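This report concerns only the one structure given below.
There are 2 protein chains.
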Amino acid sequence: MTRPAIPAAPLRTAADGYRKGEETRARILDVALTAFGNSGFASVTTRQIAKEAGVNLPALTYYFGNKRGLYLACAHAIVARYREGMGAVAEVSYAALGDPLTPDAARTLLKRLFAALARFLLAAPEAQNPSLFVQREIASPGPAFEILYAELWRPGIELATNLIIRTANRRLTETEAQVRAILMISSLTGFLSGLPVIARTAGKADYTALVIAALDGQIDALARSD
Amino acid sequence: MTRPAIPAAPLRTAADGYRKGEETRARILDVALTAFGNSGFASVTTRQIAKEAGVNLPALTYYFGNKRGLYLACAHAIVARYREGMGAVAEVSYAALGDPLTPDAARTLLKRLFAALARFLLAAPEAQNPSLFVQREIASPGPAFEILYAELWRPGIELATNLIIRTANRRLTETEAQVRAILMISSLTGFLSGLPVIARTAGKADYTALVIAALDGQIDALARSD
DNA sequence: TTGAATTTATATCAGTTGATATATATGAAC
DNA sequence: GTTCATATATATCAACTGATATAAATTCAA
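Top to bottom, those sequences are chains U and V.
Each residue of the first sequence is one higher than the one before, counting from 1 in this note's numbering.
Each residue of the second sequence is one higher than the one before, counting from 1001 in this note's numbering.
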């Protein structure tokens, strides 16, 4: 009983105690994030991850308990990354939803929100796209479904839905707005999935600007009463 | 050498010769389509498919050579299903692209195309969504990438792109139009991925009508010159 | 420097996977 | 009814997978 099932490593910070372990842990997590995100839970073997991270097999068990634990750690890391990249912008919208909101103001917030999301997602290195991980887990629930659904998917769609309702000047059902919210978010994540394929034929344009322009157009269309 | 590596079954029609084999083959393919579509190539074991289809393991080898062959057969079946469901509508648009086309006419065609796609995709039983299979293969290329890319993805996006260019009355770059095409198609496929999750909280509304309405709104927005 | 906790490495296990050799059953043609 | 291609079933293999027991090495604090 010299070694606990899941060591206390995650509980320590990088500052105190053994630092090298933290680096190894981070390296494994980074590799796993990319691998799982691109290929899914079952397609990736623990040996692949270990090899690519430059560690041996038991290291994964040591740091993350088991494959599932590593996968869950990836999910938590993704949530943290989203919070870091989108938390501020989302918070502004959340706060604004408390008070009454003119359609114009809501529209501005919605545009900012989606522009931020587009920038956040398109900024990530192409191989390490967090949205692919999330998409996969939503499409066919795996070990990390609950986390990603509760921490990202649901609140994200709820926020967008509420903003859309306040943006449209004609009355809009909760369901109608929700459908539009999901369509807009999905368009972004789906675009990212296709991006590597697009870059095959078309050159590398500044897709961020183009995507934001297209989304702005969609948001403008919400307010129109036809 | 009594049995060929891949038997001639696929070459025969259901009408002549041994019919029972055709039915077994179809049953396996149907199960595989659902399983692969929902969980991906690696997550599904041949034993699962065999059990669910009510056959024993070597039957898969007998009819499809190997797991990869079965997966490819699924991809071909999906292409055929798309052709069956969308071929006519797509053909009309293709034909119209030959002649000059007013923005209004292009818009009508585009609306028809996307309405047909929405109906086609949302009509499929929720568990057997062909777009999930395609999405997965595009996002992380597997054995069936080339087929699905060449037969579905590329032509679909090309068609939508050309119609969008003719719909927008202000000049639109090929790339700009392509981005919009991918965003619109992705929104649909992404919506489908999320549908089972949505049905969790919200009841089963008539999403088809709502989705088509939203897409129509997006298409109308294309023509506006802001 | 010593000593204990942390971190890495070796060897190996039991279960699963895709695949095949082999045998038997079924159906159609003559 | 005999015959041959078609179709299904049994048993088994080699490779791979996730995981662990075990030991060595490293790191930091005292």
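Note that the Cβ used here is the ideal one computed from N, Cα and C, for glycine as well.
Since the model is a prediction, treat every value here as computed from it, not as a measurement.
Are the segment 147-157 of chain U and the segment 207-220 of chain U touching, with three or more C-beta to C-beta distances below 8 Å?
no
Would you list, in sequence order, the uninterrupted beta strand (DSSP E) runs of no fewer than 3 residues that lie entirely inside the segment 1189-1220 of chain V?
none
Contacts that A149 of chain U makes with chain V (C-beta to C-beta distance below 9 Å):
Checking the displayed sequence, the identity of residue 149 of chain U turns out to be Tyr instead of Ala. Within chain V, V1197 and R1200 have C-beta atoms less than 9 Å from the C-beta of Y149 of chain U, given in sequence order.
Identify whether G1085 of chain V lies in helix, strand or coil by the three-state DSSP scheme.
DSSP, read as helix, strand or coil, puts G1085 of chain V in helix.
Check for me: the alpha helix (DSSP H) holding D1104 of chain V runs from which residue to which?
From DSSP, the alpha helix (DSSP H) with D1104 of chain V extends over P1103 to A1123.
Hey, out of V:A1150, V:A1202 and V:L1192, whose CA is closest to N1038 of chain V's CA?
V:L1192
Spatially closest choice to A35 of chain U from V:S1140, V:P1130, V:R1224 and V:L1222, by CA coordinates:
For A35 of chain U, the closest C-alpha among the options V:S1140, V:P1130, V:R1224 and V:L1222 is that of V:S1140.
Can you list, in chain order, the residues of the segment 1164-1186 of chain V whose Cβ is nearer than 9 Å to any Cβ on chain U?
Cβ proximity to chain U below 9 Å picks out T1173, E1174, T1175, E1176, Q1178, V1179, R1180, I1182, L1183, M1184, I1185 and S1186 from the segment 1164-1186 of chain V.
Using a Cβ-Cβ cutoff of less than 8 Å, which residues in the same chain neighbour F120 of chain U once the five nearest sequence positions on both sides are dropped?
Y82, G85 and M86
Return helix, strand or coil for T1024 of chain V, following the three-state DSSP convention.
helix
Given this structure, state the Cα-to-Cα distance separating P169 of chain U from A80 of chain U, to the nearest angstrom.
Note on identity: in this sequence residue 169 of chain U is Asn, with Pro being the wrong assignment. So the alpha carbons of these two residues sit roughly 35 Å apart.
On the CB-based measure, 16 or more other CB atoms within 10 Å of its CB, does P130 of chain U come out buried or exposed?
buried
Which residues in chain V have a C-beta closer than 8 Å to the C-beta of V211 of chain U? List them in chain order.
V1179 and L1183
DSSP state of V44 of chain U, grouped into three classes?
In the structure shown, V44 of chain U sits in coil (DSSP, three-state: anything other than H, G, I, E or B).
Quick check on DSSP: helix, strand or coil for V1055 of chain V?
coil
Let me know if N162 of chain U comes out buried or exposed under the rule of 16 or more other beta-carbons within 10 Å of its beta-carbon.
Per the 10 Å Cβ criterion, buried.
Helix, strand or coil, according to DSSP, for A75 of chain U in the structure here?
Correct three-state label for A75 of chain U: helix.
I want to see whether chain V comes within less than 9 Å of F191 of chain U, judged by CB atoms only; does it?
yes
Select from V:D1099, V:V1092 and V:E1146 the residue whose C-alpha is nearest the C-alpha of A1116 of chain V.
It is V:V1092 whose Cα lies nearest to the Cα of A1116 of chain V.
Under a three-way DSSP split, which group does P1143 of chain V fall into?
Three-state DSSP puts P1143 of chain V in coil, outside helix and strand.
For the segment 1129-1144 of chain V, which residues have a CB atom closer than 7 Å to at least one CB atom of chain U, in sequence order?
L1132, Q1135, I1138, A1139 and S1140
Whole angstroms are fine: how far does the CA of P100 of chain U sit from the CA of A1077 of chain V?
Taken atom to atom, the span from the alpha-carbon of A1077 of chain V to that of P100 of chain U is near 52 Å.
Measure the C-alpha to C-alpha separation of A1106 of chain V and R180 of chain U and round it to an integer number of angstroms.
23 Å
So G1156 of chain V contacts chain U; which residues on that side make the cut at Cβ distance below 9 Å?
Result: empty, since nearest Cβ-Cβ is about 11 Å, beyond 9 Å.
Considering only C-alpha positions, which residue in the set U:T167, U:V31 and U:G98 is nearest to A50 of chain U?
U:V31
Inter-residue Cα distance where the pair is Q135 of chain U and A202 of chain U
Here the alpha carbons of A202 of chain U and Q135 of chain U stand approximately 25 Å from one another.
Go ahead and pull the three-state DSSP assignment for P155 of chain U.
helix
What is the C-beta distance between Y207 of chain U and L122 of chain U, in whole angstroms, given that I count them as a contact (C-beta under 8 Å)?
6 Å
Among U:L148, U:E52, U:F41 and U:R166, whose alpha-carbon lies nearest the alpha-carbon of R25 of chain U?
The shortest Cα separation from R25 of chain U among U:L148, U:E52, U:F41 and U:R166 belongs to U:E52.
C-beta neighbour in chain V for L57 of chain U, strict 9 Å
No, no contact with chain V.
Counting only C-beta atoms, is A1205 of chain V closer than 9 Å to chain U at any point?
A Cβ of chain U is located within less than 9 Å of the beta carbon of A1205 of chain V.
Taking C-beta pairs closer than 8 Å, name the residues in chain U that A1042 of chain V reaches, listed in chain order.
Going along chain U in sequence order, the residues near A1042 of chain V (Cβ under 8 Å) are S39, G40, A42 and S43.
Going along chain U, which residues have a C-beta under 7 Å from A1214 of chain V?
V179, R180 and L183
Residue nearest to L152 of chain U in terms of C-alpha spacing, selected from U:G65, U:G217 and U:E137
U:E137
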